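Chemist: Okay, handing you the structure first.
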Amino acid sequence: MALPAVRPFYNEAGELQAVFAVDLSLLSISQFLNTLEIGDSGEVFIMERDGMLVSSSTNDLPFRETADGQERLPTGESSSALIRSTVTFLDEKFSNFSLISREQQLSFVTARQRQLVQVTPYRDRYGLDWLIVVVVPESDFMAQIHQNRRTTIQLCLVALAVASVSGIFTARWLTHPILSVNQAARDIAAGQLDRQVRVAGIRELHDLAGSFNSMAYQLRKSFATLAAKNADLEQARTALTAANEQLEDKVEERTAQLLHANAEIAGLNQRLEAENLRMSTELEIAKRLQVVVLPRDRELEQIDGLEIAGWMDPADE
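Numbered continuously in my numbering, the sequence shown closes out at residue 332.
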């Protein structure tokens, strides 16, 4: 079957000169529709307003052989179950295909699967009045969505792996100088004041390392000053110890001298006590002798003519 296209040709006087005619085979339209990929199992077909099939993406011919020759094939008798169910749905939906005046996007369920339908009217000035119908199972879209989802998940996993590896290397790159500064701080705290921190690549950490090095220098300087003062204090302590020892020696010497003097004084006191005792004894004897030798006052008074102006007292020393 073919679709003839005829156009007359007139001259300037309006006289018919020729008629151009071209036959467009409906099979070529079907072959073109066959090249279209409508999802995994979708179909596209063209039918006229009376329901006759023009062409489809299946292997159906738009006509059938009869005893009288060829006749047009109703779309509802297509070998494709999807096309038949779609035509049945449209017939139930609109009752008359002539009522479809604008593009329609519909859906229906057949064989427990939702089908998505788009009906587009096509008219031209030459009298063509067709309906272009595209029907695609919803599962085809979902399969693509699932595939896109799987692809997205795979890409996310790859991106996550790349980000993780990049994050690990970035973290190591960032933490290595931080760990170096931390170890240097531990060493300085442990007394290794000659430790130098060297960090490159990050300005803030470089400044921090400079601060640590300056702090270590100040600590070394302070400890050196403190060590010098400790040495001076140790020297002063040594001198003080020596002075104390000398003072103790002098005190001991002076104490010995005092003990010797006390011993001499004690001996002298003993000699004086002995001398005093001797003199007391001698005085006692002299006193007794005086008492015995010298006359008493009564005896002197008995001597006539003796005039003595004086008195007598026994010696006591």
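Beta carbons: idealized from backbone N, C-alpha and C, even for Gly.
All of these numbers come straight from a predicted model, not from anything done at the bench.
Could you tell me the distance, in whole angstroms, from the CA atom of Ile300 to the CA atom of Ala276?
Modeler: Your numbering for residue 300 matches position 285 in the sequence shown. Your numbering for residue 276 matches position 261 in the sequence shown. Going from the Cα of Ile300 to the Cα of Ala276 covers about 36 angstroms.
Chemist: Would DSSP call Leu194 helix, strand or coil?
Modeler: Residue 194 sits at position 179 when you count from the first residue of the sequence shown. It is helical.
Chemist: Would you mind reading off the limits of the beta strand (DSSP E) that contains Asp144?
Modeler: Within the sequence shown, residue 144 is the residue found at index 129, counting from 1. Per DSSP, Asp144 belongs to the beta strand (DSSP E) from Asp144 to Pro152.
Chemist: Going by CA-CA distance only, name the one from Ala251, Gly54 and Phe47 that's closest to Ile61.
Modeler: The sequence position of residue 61 within the sequence shown is 46, counting from 1. For Ile61, the nearest C-alpha among the options comes from Phe47.
Chemist: Using alpha carbons as the reference points, say which of Arg64, Arg303, Gln159 and Ile183 lies closest to Phe112.
Modeler: In the sequence shown, residue 112 corresponds to position 97, counting from 1. Nearest option by C-alpha distance: Arg64.
Chemist: Roughly how many angstroms separate the alpha carbons of Val69 and Gln169, rounded to a whole number?
Modeler: In the sequence shown, counting from the first residue as 1, residue 69 sits at position 54. In the sequence shown, counting from the first residue as 1, residue 169 sits at position 154. Those two C-alpha atoms are separated by around 44 angstroms.
Chemist: Enumerate in chain order the residues of its own chain whose CB-to-CB distance from Phe58 is below 7 angstroms, with the five nearest sequence positions on each side excluded.
Modeler: Indexing the sequence shown from 1 puts residue 58 at position 43. Note on residue identity: the sequence assigns Glu, not Phe, to residue 58. So the qualifying residues of the chain are Ser71, Ser72, Thr73, Ser95, Leu97, Ile98 and Val150.
Chemist: With a 10 Å radius around its C-beta and 16 neighbouring C-beta atoms as the bar for buried, classify Ile203 as buried or exposed.
Modeler: As a first step, residue 203 is located in the sequence shown; it is residue number 188 there, counting from the start. Its Cβ being crowded by 16 or more others within 10 Å, Ile203 is buried.
Chemist: Hey, Val132 and Glu118: beta-carbon distance below 8 angstroms or not?
Modeler: Here the question's residue 132 lines up with position 117 in the sequence shown. Here the question's residue 118 lines up with position 103 in the sequence shown. No, Cβ-Cβ distance for Val132 and Glu118 is not below 8 angstroms.
Chemist: Over the uninterrupted beta strand (DSSP E) stretch that includes Ala33, give me the two end residues.
Modeler: Taking the first residue of the sequence shown as 1, we reach residue 33 at position 18. Segment Leu31 to Ser40, the beta strand (DSSP E) holding Ala33.
Chemist: Which partner residues does Met62 have in the DSSP bridge list?
Modeler: Taking the sequence shown and counting its residues from 1, one reaches residue 62 at position 47. In the DSSP output, where bridge partners are listed per residue, Met62 has Leu68 and Leu146.
Chemist: Using the beta-carbon count (16 or more within 10 Å), is Val212 buried or exposed?
Modeler: The residue labelled residue 212 in the question sits at position 197 within the sequence shown. Buried is the call here.
Chemist: What do you reckon, are the CB atoms on Leu88 and Leu76 nearer than 8 angstroms?
Modeler: As a position in the sequence shown, residue 88 is number 73, starting the count at 1. As a position in the sequence shown, residue 76 is number 61, starting the count at 1. For Leu88 and Leu76, yes; Cβs fall inside 8 angstroms.
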